[in-house]
Structures are given as C-alpha cells and as structure tokens.
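What follows is one structure encoded as structure tokens, with my remarks underneath.
Residue numbers (our numbering), protein chains in the order written: chain A, 470 to 714; chain B, 43 to 548.
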C-alpha cells in the first residue's frame, strides 16, 4: 500500500506518482488531502484500488480502464468521463456530466448528481456501463444515451416528488434508465417511452443494487415494482426519418 | 402513390451498336440504373436513380455508355434554378432535411484562384530543384519562445525541453475521415500511404479498427463529441490526438453515421449496436468554454504523458480568429481550421452550402491575429477545405499555414467522382460504403500507390515553385505574403488576405 499526501501538490505530480506506482505493480494507493486535483486515476489499466480522501477535481477517472476509485467525499464535474472499465464509488455527491460517454464500468454515487449525468453512454456486448445514483439528478439525465444502464434511487425524497429533472433521455437511442419515484411524460424527451416496471425487470437490476449497497455499506429499503418507472428509447434510429435521401 | 415530380438529373445514353449486353453496368451500379432483360437479351437503363458517378461509363468494356447532365426542359429562370426546384419537389414529397455529401459546391469565390505567386528574375537567382536540395519537411507542434543552449559543451547542448512534434516529410496530411464514413479499404489506403510518405492520416471520430493500430505512428486520432472508440489504447497508439470541435462542411452541428453504415465491424470499432445511428452531438458536453476546452486538452495530455501534440479542429466561421486565439491559449499544439469547402460523408445541404467562410480568408485572419498577439509560435496551423492542387497548398503556406489536410483530393485519387452521395452508403467506387460487394472494388494496394504518387507529384511541383521563387526551404515561405499578389479582388478582400494587388512592387 502507498500513501500520498496531496496537499499543495499539482495534479500532474499526483497523477504521475500514482501512475509510476501503478506501473511497478502497486495496486493499493491512498491519496490523502486531495483538494481539487483533476484527472485522478486517469487511464489506469487493470484492477487495483485507489482511495481518494477529500474532494477530487474534474474528470475523476477519465479514460480509466479497470481500476477502482473510492472517493471519501464529493466529486466534481465529469467523474468517469469516457471511462472504459473499472469502478468509481463516490461516498457523497457528484456534479454535472457524471459518466459522460462511458463505455464500460460502474459508477456508484451515494448522493445526487448534477446535469447531464450518463450523457451519451454506450454499450457493446460485454461492455455495459452502469451508473447508480442514490439521490436525485439534474436535467438531461441520459441525454443521447446509446447503451448501458442508469438507476436513480431517489433515496430520502418525499413521496410524490420526482428524483429527476426535465428533458430526461433526450435523444436517447439505446440503453435503459430506471427511476424510483414520480416520472411524467412531460419530463422525458421526444421519442422516448416510459412504462411501469415489472417484477422481472426489478429482479434484473437487483444484482446491481446489491453490489451498490454493499460497496457503499448502506441498507436499501425494500423496493416494489410500483415505485419505479422505466425509460427506454422507442427507436435506435432517432434520425432515420429526419432526412430526405 | 402519386407519381414523383422529381426529374432525372442525368441522362444515360447507350450506344446499342456497341453494347454487347455483358451486364457489367448492371453489376456495377448500386443504384439499380441498369436492368438486364433476359427475354430481349438487352440492357435497359432507368435514369431516375442515376447519380452520375460514372462507374458504369468507366468500366463498360466497349465504351457503349455515356452519362451526361440532363437538361431539365423547364423555362430557364435565373431565380428559380433547377437545383431549387428539385429540392422543393423532394422536400414536398418527403418532408425531410436534405442530406448531401462532399464539400460545398456553390459558386462562391475561390480565393486561391485570385492569388498569384512570385518568381525570381535577375537579382535573386532561382534554384533548380533537380540540382539543389529544397527542404519541404515540416514540424507541427508548439515552438519554444527561447532556446536555452549550453555553448560551453562541444558540441553545444540544447537545454530547453522541446514540445512534442509531428514530423511531416511533405506539408500535406490526409483529413479526418472515419472508418464508417469510408470503407476499410479506403482507410487502409490512406494509412499505408501516410506511412510510406512519412506523413499522417486522421482516424476521424469513428475510433480505430484493430488492424490499423499497426499504423498508429502515422495516425492522428480524433476525440469528438460522440467519443466513439476513445479509450486509453487508442490515445496511446496514435502519433497525435485531435479534438474535433467543428467541421467546415457543417459548422455548429453534430454528425451522425446513419444506421445503414453501422456494419458489424463498424459497430465493434464504435461500440454501438449494429444498425443503430451513431450520433455525434453538436457540442462536446464537457466543453462549454475555452476553459473547458483547456480541461480536455490537458486531460488528453495527461492521458498520453505529455508526449503527443494535441490538435484542435475548428470550422472557419465569422469570428474564427478570436476563437483560434482562445484555442491556442487553451493549450492546443496544433489548430486545424476547416473552411466552407470542407468535405463530409453526410451533412444537411442547407448547412453545407450556407454556413462558414472560405478557408483563405480564415487562414489569413487567424495567422495575422496570432502574430499580433505574439502567440503564433505556440501552435501550428493546419488548414483544410477544398485544397485541389499543389498551387493551393503553396499559396496556403505563403498565407501562413504550416501544413494542409486533404480529404476530397485524396478520395478523388482513390477514384471518387464527386457524385455527393456518400451518405447513402452506396458508393460505387467502394470508398464511402460498408457494403462488402462494393468495398472490394477498391484495392488498398492500388489505392496506396495512387495516393503516394499524388503526394510525390505535388511535392515535386511545390519544390519547382519554391525554386522559382529562389527559396530553398518551405519554412522561408511560411507566412510570407509578399510572395502573393491578388487579381480581381476588392480592396477589402485584399486587406483581409493581407495581400497586395498584382502590379504593386515591394
């Protein structure tokens, strides 16, 4: 295990150190007193664990390819930006564009996220990105989404409130979003379907929920299908009819 | 259904005396223009679907075919052109946005054709490139403000750490064309030619097919708003990384590869399901400001350990000089600017033909602005959009470009006949298609040979022109507008170009 006190250190120094350790085979690294350093854990390939104590800066885990990052605090914009594989666990909130263009891996957010979370996620065969948000999300959740899974749990929210904003899944053409709590058709983009969730569908996401609650050490309430809504694209060719050929 | 009011664009003329009903034309046409009638043992043509790509004409063994522009029989009207009428009929029938391919084909001024080059006479002897070396090698990347050298050492030692550079043996690179928009064989031709010549091709925004990682040393990979195929291995494999903000053919809008072209192989490269649209949104959703652009540039530099130049490609729009200044300040090592003539695999026609400005004006303004601000050395300028010949290139260099990207010209070298139907995925020349029946028409070995030949020919011409000016290195011409004179341009245009009128001396 390696420990780095990051106070006053530029992100370039922190990331270079982490990469150097990683390349020598050190797979447990603790970053103490992180405060706004960007790109923590960027491009790290293979499994291993990085603990971030403090508030990391933008693009946490950018292009990451297998590592696990646990943030003991909040994350800023772009956590998991264009991430390929691995896991990011945030024990607080995250901000805008969490999981932008994610291609694989998992992002667990204990609290809430900002605007445009999960925008343009995509999946292919076994590469199946998943974002689970414990609290609420801002507008444009899952915009342009092309694949993968987003779960919004709406924990701690008053009954009858919606845990997501407006223009949900605008331009979505692949993947699925499950939202626990109120969701109306007015909140979703054009060409997007919403439906109630079946027992079977709930069972399908149960594994992910168990993994999420285990990683974050929280007890989830008993979920009932009727508490949930599922958001899905009505077409994989949203632009198919827009053009004259 | 009511009969379409659309009239054929092309006339197919078959010389019955020459036609031997061999059906080559039938097999070659993906648009089903030619039909063989077994009973009559004759080939007929239905010209409604002909796109004028000249594939059948070229391959007809007896030269029995001719495809010409069909003159519509309507009364000529200067306001309501045939193109306007066609588009009106088509949109009234489909209700759709008109798609097109290649670059803007409208009749806007082409400033290259109004610029003339200088040559030496008497006082400054010209150089014969056959006898004397002329250097056209080009380095792209950030140049240092000062070079700290230890002259005490023998030989002297350069102490300044130089920023990463791309080394080009010719000032010409192949523009971004994704695998997906063009075929495997077309991409392979470009990559192999770039490697043989010692220059670079560009992955476009479609990721990199596993076979092409071998050519990584000669590939600039793109990170675009769709982030297709972007992962650490992709960034590491490349010689440089280009952030695509805009494209000359469609400034301000995103792109989408229609589901028809998302074949199993393309889907693997892009990591999206077969047959679904591959959508590149208009903006990068992590870039809403110059500061955000800086963040992505730095992310890429972090991801590649500061060993690769990062390029930012923007479209030439009205405020391009200020935008380019911001891009340089954000840390781009190369700024690529794509003009209104820049090509595309698919764009709305209304955007392609009406948005953006000519690259010549944009280049002159950007170079001028960066010089005035004292930051020209911080990034190389690469321009793109309708470069047709070696003379366009040398004029671009004199206007201030470090190098050019060629896209359409390279495709024409591969056999493209500019039918502008790239978006249909039915390219009869095997270039802009994923249909295996069509793609095998382009042999990558022959394609590579033709591209290499083109670049050799242009290099020789560039050296001839440089020699004629009495200049023995391209570097000496860069941004030297005294070597240019304008004909047939207004004072305002000359001022924007920073070029004197023909007839004016020094």
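Backbone N, C-alpha and C define an ideal beta-carbon position, used for all residues, glycine too.
- Contact between residue 215 of chain B and residue 63 of chain B does not hold, since the beta-carbon distance rounds to 46 Å and is not under 8 Å.
- Sixteen is the threshold: since fewer than 16 other Cβ atoms of the shown chains lie within 10 Å of the Cβ of residue 630 of chain A, the residue is exposed.
- Checking the DSSP bridge columns, you'll see residue 428 of chain B has no partner listed.
- Of the residues B/57, B/52, B/228 and B/80, the one whose Cα lies closest to the Cα of residue 73 of chain B is B/52.
- Interface annotation, residue 538 of chain A: not in contact with chain B, CB-CB separation never under 7 Å.
- At a beta-carbon threshold of 8 Å, the residues of chain B lying near residue 708 of chain A are 298, 300, 319 and 321, ordered along the chain.
- Under the Cβ criterion of 7 Å, residue 140 of chain B is counted among the residues facing chain A.
- Sequence-ordered contacts of the region 508-538 of chain A with chain B read 508, 511, 512, 514, 527, 528, 531, 532 and 534 [C-beta pairs closer than 7 Å].
- Within the region 574-595 of chain A, the residues whose Cβ lies closer than 8 Å to some Cβ of chain B are 585, 588, 589, 591, 592 and 593, listed in chain order.
- Contact of residue 225 of chain B with chain A by beta-carbon distance below 8 Å is absent, the smallest such distance being about 20 Å.
- For residue 100 of chain B, the nearest beta carbon of chain A is not closer than 7 Å to its own beta carbon.
- Burial check for residue 335 of chain B: the Cβ neighbour count within 10 Å reaches 16 or more, so the residue is buried.
- Between the alpha carbons of residue 106 of chain B and residue 456 of chain B lies a distance of about 24 Å.
- The C-alpha of residue 152 of chain B is placed about 15 Å away from the C-alpha of residue 385 of chain B.
- The beta carbon of residue 692 of chain A sits closer than 8 Å to those of 649, 671 and 678, all from its chain and outside the five residues before and after it, given in chain order.
- Rounded to whole angstroms, the separation of the alpha carbons of residue 545 of chain A and residue 493 of chain B is 47 Å.
- Residue-level contact check: residue 269 of chain B touches chain A, since one or more beta carbons of chain A fall below 7 Å from its beta carbon.
- The Cβ atoms of residue 379 of chain B and residue 358 of chain B lie closer than 7 Å to each other.
- The three-state secondary structure of residue 498 of chain A, taken from DSSP, is strand.
- If you draw a straight line from the Cα of residue 505 of chain B to the Cα of residue 495 of chain B, it comes to about 15 Å.
- DSSP places residue 577 of chain A inside the beta strand (DSSP E), whose first and last residues are 575-578.
- For the set A/626, A/474, A/481 and A/477, the Cα lying nearest the Cα of residue 340 of chain B is the one of A/481.
- The beta carbon of residue 640 of chain A lies closer than 7 Å to those of 612, 613, 658 and 707 in the same chain, with the five residues before and after it left out.
- Residue burial is scored here from C-beta neighbours: residue 687 of chain A has fewer than 16 other C-beta atoms within 10 angstroms and is therefore classed as exposed.
- Nearest Cα to residue 250 of chain B within the set B/224, B/96 and B/452: B/224.
- Contact between the region 428-435 of chain B and the region 192-199 of chain B is not established, with fewer than three Cβ pairs separated by less than 8 Å.
- At least 7 Å separates the CB of residue 126 of chain B from every CB of chain A.
- Counted as a single uninterrupted DSSP element, the stretch harbouring residue 79 of chain B is not any alpha helix (DSSP H) but the beta strand (DSSP E) occupying residues 76-79.
- If you compare the alpha carbons of B/470, B/165, B/530 and B/205 with that of residue 156 of chain B, the shortest gap goes to B/530.
- Nearest to residue 60 of chain B by alpha-carbon distance, out of B/352, B/71, B/45 and B/85, is B/85.
- Along the region 556-568 of chain A, the positions whose C-beta sits under 8 Å from a C-beta of chain B are 566, read in chain order.
- Under a 10 Å Cβ-count criterion, residue 525 of chain B is classified as buried, with 16 or more other Cβ atoms of the shown protein chains found around its own Cβ.
- Checking the DSSP bridge columns, you'll see residue 124 of chain B has no partner listed.
- In the structure shown, residue 332 of chain B adopts helical secondary structure according to DSSP, grouped into three states.
- Under the three-state reduction of DSSP output, residue 543 of chain B falls in the strand class.
- Residue 498 of chain B: member of the alpha helix (DSSP H) spanning 486-511, first to last residue.
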